[in-house]
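Protein chains in written order, with this note's numbering: chain P, 1256 to 1630; chain C, 51 to 464. Beneath this line is the structure, given in structure tokens, with notes to follow.
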């Protein structure tokens, strides 16, 4: 059994950690947090130069042609650094949708541009309240144009193109949904930035008015493609959440060692020690579930749907738990804007919703476990 | 990443599999498969006798304590081979329950601290199950604070004379030998006045009394010592070094990788898949699904955490500290899952009978037994301390009795 990343992959992780420590300090994250830039353009450029944006994109489309395990270790570091860049939207959602369903021409157009950092992509799925479901897709596609409103769209205000879920039928089945590719710079859209929990990652509303769009994948296959994209993104986001959990735990641990109260380090009080021990437990369970997700993703195993849901739930819970208790360990200082705790708290809670809420994924997991048990 | 064996591992697995297929007591297979929670019981046979027969057969073929050196009854197997053996032994591994304390704790302590003569005399018979060992550490006034123990051992010539009481001793009633920690000097701070011994449980003055537990069963014992004589040759480590020696034992307790920790998740999943509530099957209820999913990912998280440790062993590396979370997570889960399964049964949940309605009372039994899972082998609180101190590097607890001579430590309420 070799249920671990290879030495090369670990080396890549170290390389990514070192790079992000230099280029993505909390100070850099704060530039975006404070609204002085929509995202960290320099960092984005650097990520492209390092080959991180295209790590899982085949060489023929301008990527490094490594694989999803390599992308997982980079994702972990992106989460640890709380990177204020549209990495998940572009790399986990848009690029994966293209890899799964794109035509050769579509891949040739967008994938090299993603790898080089020239194009930011996103997925436009949600339309107000609600979780991923064909029923919640109201935006229509007819005669090659889209009409409707998507929100929230992660990184929508800075994206160059979007993969859009649209209704092309009314049978009440999954086949009513088709995917489209939209060049957001080509007109037909109105984009508004929306305030959100985590200002280091933008959210937008996109209004499509007779917007020209080309189909992505076959008509009626939209939901099945989306399900695959969301499963892949669930695993990759889980690694970001694992990285964030570990960082929040370390911050709490370090503060507990540093801070003196009642004449002793607060980390010597059992109430604090046990809180940190429980954070370690959550983070460890999440990491192990995510490793299984990584294995399923990298081998395209039949277990992926179940593994992705388990990784998603476990990592969401761990990051929320660690980020929340990191503030608690810090006491009053943790509730200041000046300390970095709230950045992880914001990110943890925003990420918990991005691909659909925890309860949605819990529901998915049980469905998938039942399917497996029945088989 | 893969879940495949290396060629050597595959060959070893094949050998183990063939041997188990040819030699295992198949007549107990079904009964053993069903008893997934709590202690193992066989309806018509004595667990210890059946276990001894299986262990002896294994020993003769070199499968007992296989990771021990050959001269002490093992086969010199690597840690990963031990894990593979456990996987292949499968349900029959449950038959080794009476030997687990000896194999996991007493044996390694004798191995580390015993004389060559003692190792050759005692370890092979421990490995083969011919002689069963128990561990005599906890006392009524020394549980988590085991260094606060009171049992006295006083030197008389070449012997030690022991007086006192131990408690929570699993298997003392069928054990041949015991690993005993006792206080040999009450005038120095508590950790410094302890010494480790082993003794014949049939020695005059040893009295074993079963404890009736909160769940109504009797699995543990109290052991009383009245002027019990132990030869000095049965001392392990130097006089006053008992605490260091005990750490060998306790470290081994927590190193059991690939051990089978019950969580209750498969049982709850099956239960919810069949239980009809007013609005339909329990598993179709969003609230039920949410709880079930949260427990399912804890359970899978534990499983894959142990896979990570196994992978480290496979590479010849020392596993990381991740495995320390196992008992902490599974102990709490068992209790919570039992409570929830009964909640789903409504008023009938109160019934403990073995009828259809209560699914043979399995969750009721789990509820009553689960508190011990959170206490035995390190309480949840001690385990959290261990994670906080050894994994996260937080300071040890401030110990007000650390430098005080043992006989000056306040004793009220003990």
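No residue lacks a Cβ here, since even glycine has one placed at the ideal position from N, Cα and C.
- Under the 10 Å beta carbon count, residue 108(C) is surrounded by 16 or more other beta carbons and is classified as buried.
- Think of a sphere of 9 Å around the beta carbon of residue 435(C): the chain P residues whose beta carbon falls inside it are 1525, 1528, 1529 and 1532, in chain order.
- Its Cα nearest to that of residue 1329(P), the residue 1499(P) stands out among 1314(P), 1317(P), 1393(P) and 1499(P).
- For residue 1448(P), the beta-bridge partners assigned by DSSP are 1459(P).
- Between the segment 1449–1460 of chain P and the segment 1284–1296 of chain P, the count of Cβ pairs shorter than 8 Å is three or higher; the stretches touch.
- For residue 1548(P), no pairing in a beta bridge is given by DSSP.
- Our two residues, residue 1608(P) and residue 91(C), have alpha carbons roughly 47 Å apart in a direct line.
- By the Cβ criterion, the segment 1457–1475 of chain P is in contact with the segment 1431–1443 of chain P, since at least three pairs of Cβ atoms, one from each stretch, lie closer than 8 Å.
- Between residue 383(C) and residue 292(C), the CB-CB gap reaches or exceeds 9 Å.
- In the three-state reduction of the DSSP assignment, residue 414(C) falls in the helix class, which pools H, G and I.
- With respect to chain C, the C-beta atom of residue 1594(P) has no partner C-beta closer than 9 Å.
- With a cutoff of 9 Å on beta-carbon distance, residue 1369(P) and residue 1312(P) are scored as near each other.
- Among the bridge pairs identified by DSSP, residue 1426(P) is matched with none.
- Residue pairing of residue 1397(P) in beta bridges, as defined by DSSP: 1400(P).
- Straight-line measurement puts the Cα of residue 1548(P) at about 9 Å from the Cα of residue 1558(P).
- For residue 259(C), the enclosing beta strand (DSSP E) starts and ends at 256–260.
- Distance between residue 1471(P) and residue 1362(P), taken at the CA atoms: about 10 Å.
- Residues of the segment 379–390 of chain C that bring their beta carbon within less than 7 Å of a beta carbon in chain P comprise 379, in sequence order.
- For residue 456(C), no beta strand (DSSP E) run applies, since DSSP gives it neither H nor E.
- Per DSSP, the beta-bridge partners of residue 1377(P) are 1417(P).
- Around the beta carbon of residue 410(C), fewer than 16 other beta carbons sit within 10 angstroms, so the residue counts as exposed.
- Under the criterion of beta carbons closer than 8 Å, residue 101(C) and residue 145(C) qualify as touching, at roughly 4 Å.
- The Cβ atoms of residue 187(C) and residue 249(C) lie no closer than 9 Å to each other.
- What residue 1575(P) touches in chain C, judged by beta-carbon distance under 9 Å, is nothing: the nearest beta carbon there is about 12 Å away.
- Residues of chain P whose Cβ lies closer than 7 Å to the Cβ of residue 348(C) are, in chain order, 1540.
- Within the same chain, 66 and 116 come within 6 Å of residue 135(C) by CB-CB distance, once the 5 residues on both sides are set aside.
- Looking at the DSSP output, residue 1382(P) bridges to 1406(P).
- Only exposed fits residue 301(C), as fewer than 16 other CB atoms lie within 10 angstroms of its CB.
- The Cβ atoms of residue 430(C) and residue 1523(P) do not sit closer than 9 Å to each other.
- Beta bridge pairing from DSSP links residue 217(C) with 272(C).
- Here the alpha carbons of residue 162(C) and residue 1334(P) stand approximately 44 Å from one another.
- At least one CB of chain P lies nearer than 9 Å to the CB of residue 51(C).
- The beta carbon of residue 1333(P) does not come within 9 Å of any beta carbon belonging to chain C, so the residue lies off that interface.
- Annotated three-state conformation of residue 188(C) is coil, per DSSP.
- The Cβ-Cβ distance between residue 1584(P) and residue 1521(P) falls below 9 Å.
- In the structure shown, residue 94(C) adopts coil according to DSSP, grouped into three states.
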